[in-house]
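Trainee:
Chains as they are written, first to last, in our numbering: chain R, 32 to 233; chain H, 32 to 233; chain S, 32 to 233; chain F, 32 to 233.
Here you go:
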């Protein structure tokens with residue numbers, strides 16, 4: 032499979048997963064106090080926005096990575112499928128997190144599930160790049176210099192480490208943990224997009 | 032990210048969000064009086080059609096806008112993601128609105144939620160264009176004249192203003208508010224499409 | 032909007048609507064008699080297959096139509112959106128029909144709802160072609176001869192008429208009505224595909 | 032319909048079906064013992080991963096097949112639609128299997144339903160290739176030698192046979208059956224991808 036098809040398929044999964052997030056938000060039961068009921072759903076809105084921007088960030092960084100990859104072999108394909116498996120899983124921890132915050136019970140566990148999903152996704156993302164850049168970068172485009180490839184790898188590896196630390200932070204304070212998740216998401220979204228400025232449109 | 036990928040991804044989200052709307056309509060409980068039960072669901076059908084045409088209109092106008100944009104930088108990407116976040120959110124207020132009309136309770140609040148979603152979407156849409164056209168239009172295609180860009184901006188800015196007024200109207204009469212939402216949707220759908228006539232197919 | 036984008040967007044909606052059909056089938060409640068419970072769901076399987084092939088048939092015929100259309104104006108866009116609105120609505124009557132057959136109640140009403148959705152879809156499909164071929168076929172490709180355009184129109188117009196008759200048949204016998212729906216679906220699926228044989232791949 | 036459109040539509044259905052799998056996993060009821068509740072859902076996670084990789088494998092092998100097919104006629108289209116019908120059906124047996132394992136009831140029946148879906152999918156997959164390669168391979172690309180076409184057919188035909196045997200194995204032991212399903216899925220995923228190595232990107 033050429034990377035063209037791989038990217039189109041991945042984009043499809045990103046677009047579907049990002050749009051399915053809304054299905055986890057259900058109208059309140061009691062319509063006689065609708066304003067109250069809608070306000071009580073605020074953790075769902077926050078979790079929706081956080082996961083939406085997170086998947087958006089994965090999409091942006093996935094492109095940044097694949098613009099440097101020339102060919103796909105079977106292991107790259109499998110690693111990419113594992114990354115998609117993690118991204119498509121995200122609506123579940125998002126729903127669990129929103130409900131835990133709403134019920135005021137199980138926040139630590141929900142936070143750990145959410146953080147673990149992000150951390151594992153980061154590990155797959157890094158494995159993908161590490162594999163593509165291995166053996167002298169034989170899957171990379173010729174114009175990607177080895178030093179640049181190592182730089183990209185170093186930049187990417189910070190992600191899962193930071194997500195893992197933020198996940199552990201949940202045991203001390205779920206709110207601190209969530210704040211770090213959101214900060215990391217925004218950082219990767221804007222930083223990943225940055226990389227693209229001034230390059231020819233893909 | 033070039034605008035090509037950005038548009039394909041956005042189209043995917045529009046197509047998925049528009050098709051997910053149907054999941055909010057559930058078969059009635061009582062099948063011994065099915066005709067009655069199906070007729071009682073009329074607010075769901077109306078809300079489905081209204082939101083379907085609304086997303087269709089956003090799709091049309093999104094293309095009209097991006098045909099004038101040559102390049103995307105990180106902030107444009109982020110603003111576009113915020114617009115998609117709002118569009119993908121729409122199935123939720125649609126479901127709330129349909130249920131409020133069906134239950135005859137909470138119509139004002141449901142109408143305000145629906146209108147606020149449309150208004151915020153309009154604000155993101157305008158921010159997208161304002162940003163792209165800023166700094167002498169450096170992200171625009173060279174053939175877009177500054178005067179034309181300002182004209183487009185003026186045309187777009189009417190949208191969120193009108194949606195905001197229609198939202199406030201809900202406090203006086205939810206039905207008047209809904210009538211204006213539908214009228215605005217049809218206007219932008221046809222007017223956005225208009226713009227395209229006689230131009231080379233994209 | 033050029034027809035390229037219009038077709039891609041329509042294909043997306045077709046692919047999503049066809050795949051969402053499965054969400055209407057729910058696992059049985061009682062797992063101690065699972066085989067029995069799964070067999071009792073047969074109307075859901077039948078309705079799933081019928082609607083799946085129907086949307087597949089619309090997809091095939093939609094392409095056959097758009098291969099003859101060169102340009103889209105605002106009214107063509109609106110008519111196409113109305114057709115998509117009808118196709119994306121289909122999971123709902125499919126679920127109602129399956130449940131009516133399973134409960135043994137409301138079959139006539141469910142059949143009429145299903146048939147009405149197909150008939151209205153057929154009317155939009157025909158309106159699309161009639162509009163594209165009107166005014167001397169100004170939206171058609173130049174190589175489509177006026178006589179051929181009229182022939183296509185005559186072939187398409189049989190569809191909603193046949194679906195309307197099959198819908199009325201439900202008042203006499205829902206089963207006869209369903210048999211005709213399935214027969215028509217298979218006919219249009221294979222007949223629409225036929226048309227394409229030996230032509231250059233699109 | 033040329034195979035280009037056919038492949039794009041099929042890719043869309045694969046991407047949607049693979050992403051919808053997550054909707055079958057629901058947050059636990061009791062948030063006061065959330066860790067326990069999440070762990071009890073392990074059959075859902077396993078079934079999600081197994082079906083995700085399975086659809087991924089179908090996607091990979093579908094491309095491997097269509098890279099050898101030059102043209103589509105109406106019967107090829109119909110056979111492909113039947114294959115998609117089977118793939119899009121998969122979220123249902125996946126949900127049934129997960130629930131049976133969780134409830135500790137109905138595992139044999141659930142396993143047979145799951146295996147039957149895989150087996151029938153394999154039969155459609157093989158019919159597709161058998162049809163394309165029939166009559167002297169008139170639908171194949173000219174560069175595909177008859178001996179190579181027969182080799183591909185032999186390789187593909189092992190699939191449904193193995194899935195059928197694994198399905199029957201469920202009557203002796205559902206767990207043994209599931210282990211074989213997973214092994215076959217991984218084999219076809221990696222083996223299908225293998226085939227692609229070193230070829231020009233598609």
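Glycine is no exception: its CB is placed at the ideal position from the N, C-alpha and C atoms.
Does DSSP put residue 121/H in a helix, in a strand, or in coil?
Mentor: Note: residue 121/H maps to coil in three-state DSSP.
Trainee: Taking all protein chains shown into account, do 16 or more other C-beta atoms lie within 10 angstroms of the C-beta of residue 78/F, making it buried, or fewer, making it exposed?
Mentor: With 16 or more Cβ atoms within 10 Å of its Cβ, residue 78/F is classed as buried.
Trainee: Does the CB of residue 228/R have a neighbour CB from chain H at under 9 angstroms?
Mentor: Bear in mind that the predicted position of residue 228/R carries a pLDDT of just 40, short of 50, making it too unreliable to give a figure here.
Trainee: Can you give me the C-alpha to C-alpha distance between residue 147/R and residue 38/F, rounded to a whole angstrom?
Mentor: Taking the straight line from one Cα to the other gives about 35 angstroms.
Trainee: Is the Cβ of residue 71/F closer than 9 angstroms to any Cβ of chain R?
Mentor: No, because no Cβ of chain R sits closer than 9 angstroms to the Cβ of residue 71/F.
Trainee: Could you check whether the Cβ of residue 136/F sits closer than 9 angstroms to any Cβ belonging to chain C?
Mentor: Among the chains of the structure shown, chain C does not appear; the protein chains present are R, H, S and F.
Trainee: Can you list the residues of chain S that residue 54/H reaches, using a CB-CB cut of under 8 angstroms?
Mentor: Those within 8 angstroms of residue 54/H in chain S are 51, 54 and 122.
Trainee: If the cut-off is 8 angstroms on Cβ atoms, which residues from the region 160-194 of chain F count as contacting chain S, listed in chain order?
Mentor: So nothing in the stretch comes that close.
Trainee: Pair every Cβ in the region 121-135 of chain F with every Cβ in the region 59-74 of chain S, then say whether three or more of these pairs are closer than 8 angstroms.
Mentor: In short, these stretches touch, since the Cβ pair count reaches three.
Trainee: Is the Cβ of residue 47/S closer than 9 angstroms to any Cβ of chain F?
Mentor: Yes, contact with chain F.
Trainee: Taking a Cβ distance cut-off of 8 angstroms, strictly less, list which residues of the region 90-119 of chain S are near chain F, in chain order.
Mentor: Against chain F - using a Cβ distance shorter than 8 angstroms - the residues of the region 90-119 of chain S are 90, 91 and 94.
Trainee: Give the list of continuous alpha helix (DSSP H) stretches no shorter than 4 residues that lie fully inside the region 161-202 of chain H.
Mentor: Fully enclosed alpha helix (DSSP H) runs of 4 or longer: 177-200.
Trainee: Tell me, please, whether the CB atom of residue 74/F is closer than 9 angstroms to any CB atom in chain R?
Mentor: No, because no Cβ of chain R sits closer than 9 angstroms to the Cβ of residue 74/F.
Trainee: Are the C-beta of residue 221/S and some C-beta of chain F separated by less than 9 angstroms?
Mentor: So yes, residue 221/S belongs to the interface.
Trainee: Rounded to whole angstroms, what is the Cα-Cα separation between residue 123/S and residue 70/H?
Mentor: Cα to Cα, the separation comes out at about 14 angstroms.
Trainee: Provide the residue span of the alpha helix (DSSP H) that contains residue 49/S, from first to last.
Mentor: Element bounds for residue 49/S: 34-51.
Trainee: Using 9 angstroms as the threshold, is the C-beta distance between residue 91/S and residue 182/S below it?
Mentor: Not in contact: residue 91/S and residue 182/S (Cβ atoms no closer than 9 angstroms).
Trainee: Against chain R, with Cβ distances strictly below 9 angstroms, would residue 78/F count as a contact?
Mentor: It does not; no Cβ of chain R falls within 9 angstroms.
Trainee: Say whether the region 196-205 of chain R touches the region 139-154 of chain R, bearing in mind that this needs 3 or more beta-carbon pairs closer than 8 angstroms, one atom from each stretch.
Mentor: Flag = yes, the region 196-205 of chain R and the region 139-154 of chain R touch.
Trainee: Residue 41/F and residue 115/F look like a contact to me (Cβ under 8 angstroms); what is the Cβ gap, rounded to whole Å?
Mentor: That belief holds up - the Cβ atoms of residue 41/F and residue 115/F are roughly 6 angstroms apart, short of 8 angstroms.
Trainee: By DSSP, does residue 56/H sit in helix, in strand, or in coil?
Mentor: It is coil, neither helix nor strand.
Trainee: Give me, in chain order, the residues of the same chain whose beta-carbon lies closer than 6 angstroms to that of residue 75/H; leave out the 5 immediate sequence neighbours on both sides.
Mentor: 56 and 129.
Trainee: In the DSSP output, what is residue 100/F paired with across the bridge?
Mentor: Beta-bridge pairing links residue 100/F to 171/F.
Trainee: I'd like to check one pair, residue 101/R with residue 170/R: are the Cβ atoms closer than 9 angstroms?
Mentor: Going by C-beta atoms, residue 170/R is nearer than 9 angstroms to residue 101/R.
Trainee: Distance cutoff 9 angstroms, beta carbons only. Does residue 40/F sit that close to anything in chain S?
Mentor: Yes - at least one Cβ of chain S is within 9 angstroms of the one on residue 40/F.
Trainee: Can a CB atom of chain R be found closer than 9 angstroms to the CB of residue 57/H?
Mentor: For residue 57/H, the answer is no, since every Cβ of chain R falls outside 9 angstroms of its Cβ.
Trainee: Would you kindly report the start and end of the unbroken alpha helix (DSSP H) that includes residue 68/R?
Mentor: First-last of the alpha helix (DSSP H) with residue 68/R: 65-71.
Trainee: Can you find a CB in chain H that lies within less than 9 angstroms of the CB of residue 127/S?
Mentor: True, the Cβ-Cβ gap to chain H drops below 9 angstroms.
Trainee: May I have the straight-line CA-CA distance separating residue 156/S from residue 204/F, to the nearest angstrom?
Mentor: Between residue 156/S and residue 204/F, the C-alpha separation is close to 52 angstroms.
Trainee: Can you tell me which of the three DSSP states residue 222/R falls into?
Mentor: The answer is helix: DSSP assigns residue 222/R an H, G or I state.
Trainee: Could you tell me which chain S residues have their CB closer than 7 angstroms to the CB of residue 131/F, listed as they occur along the chain?
Mentor: Neighbours of residue 131/F on chain S, chain order: 62 and 65.
Trainee: Report the rounded CA-to-CA distance for residue 167/F versus residue 99/F, giving the unit in angstroms.
Mentor: For residue 167/F and residue 99/F, the distance between alpha carbons rounds to 14 angstroms.
Trainee: Anyone know if the C-beta pair for residue 49/S and residue 86/S falls short of 9 angstroms?
Mentor: Cβ atoms of residue 49/S and residue 86/S: closer than 9 angstroms.
Trainee: Which residue from 216/F, 165/F and 142/F puts its Cα closest to that of residue 127/F?
Mentor: Ranking 216/F, 165/F and 142/F by Cα distance to residue 127/F puts 142/F first.
Trainee: Ignore the nearest five residues each way along the sequence and tell me which others in residue 207/F's own chain have a CB closer than 7 angstroms to its CB.
Mentor: Closer than 7 angstroms at Cβ, skipping near neighbours: 200.
Trainee: Against chain F, does residue 84/S count as a neighbour if the rule is that its beta carbon must be under 9 angstroms from one of theirs?
Mentor: Answer yes: the Cβ-Cβ gap between residue 84/S and chain F drops below 9 angstroms somewhere.
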